[in-house]
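Report on one structure; see the data block that follows.
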Amino acid sequence: MKITPENARALQDELRTRVVLDEPGPPPGTGHLTGVDVAYDDARDLVVAAAVVLDAATLAVVEEATATGRVRFPYVPGLLAFREIPTVLDALDRLTADPGLVVCDGYGRAHPRRFGLASHLGVLTGLPTFGVAKNPFVFSYDPPGPRRGDFSPLIDDSGNGDRTEVGRALRTQDGVKPVFVSVGHRVSLDNACAHTLRLASAHRQPETTRRADSLCRRVLANESEGAPRN
DNA sequence: GCGACAG
DNA sequence: ATCTTGTCGC
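Heads up, the first sequence is in my numbering, so the first residue is 95 and it goes up one at a time.
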């Protein structure tokens, strides 16, 4: 059956039962960290995904891969994964290196049904994943302290009086707006935040996201100006 | 019913 | 996400 915005929510509820939340994940500074991101050209119906593997100890680029596809799903808040994941999976498949821990541009558990992009990608690939988003989406938080490393809980208070912690607002640079970290698959929140801080030593956003973002934008620009596609 | 709402 | 130049500051 084709996935539509109507049945996508039910699919999320089903896939959510496969998320693993009781593993700490790889310790910071070891193995590989892979950033994934996507860029769109809606007018030309094009989508380009990028996967960039970094050495966790040095943050040096180990390998890059991209994939191009057609836009198959509209942007619907809460259903972002269905729009982004097909092309992201293609890009990951083109990697030779072990992706290690995957860092997504968006949410994991911080999602209306606790199954954001990072959770979805983790379940589909089996890889440890977490998400780092630029906005708090529908959640609330008290501003963390002003220094790099300060954080506060990201709260879902949409329920019946409950205030579930779904992630963290994490300050990655002194005096700069925090990023919003949440667990995807097979990683603890503490560990995800530790990785994020290491990856964001020079900028607000983690190096994984910055690298993947610039790569898919670059490729999309080339594809749009008539370069041969694959 | 209407508006808000990751990217 | 995307549309978009110069400009302020380290």
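Note that the Cβ used here is the ideal one computed from N, Cα and C, for glycine as well.
Predicted model only: the values in this text are computed from it and were never measured.
Reference residue i; option with closest CA among the options
i	options	result
residue 107	200, 207, 186	207
residue 183	161, 96, 229	161
residue 188	270, 112, 159	159
residue 205	170, 181, 192	170
Buried/exposed call for residue i, threshold 16 Cβ in 10 Å
i	result
residue 295	exposed
residue 253	exposed
residue 104	exposed
residue 257	exposed
residue 222	buried
residue 128	buried
residue 301	buried
Proximity below 8 Å, CB of residue i to CB of residue j
i	j	result
residue 264	residue 233	no
residue 281	residue 224	yes
residue 199	residue 226	yes
residue 120	residue 195	yes
residue 261	residue 304	no
residue 179	residue 126	no
residue 124	residue 150	yes
Start and end residues, beta strand (DSSP E) containing residue i
i	result
residue 276	273-279
residue 246	245-250
Residue interval of the alpha helix (DSSP H) (run including residue i)
i	result
residue 182	174-187
residue 89	Because residue 89 is not part of the residues shown, which for the chain are 95 to 324, the question remains open.
**Meets three-Cβ-pair contact criterion under 8 Å: the segment 142-152 and the segment 96-106** = no
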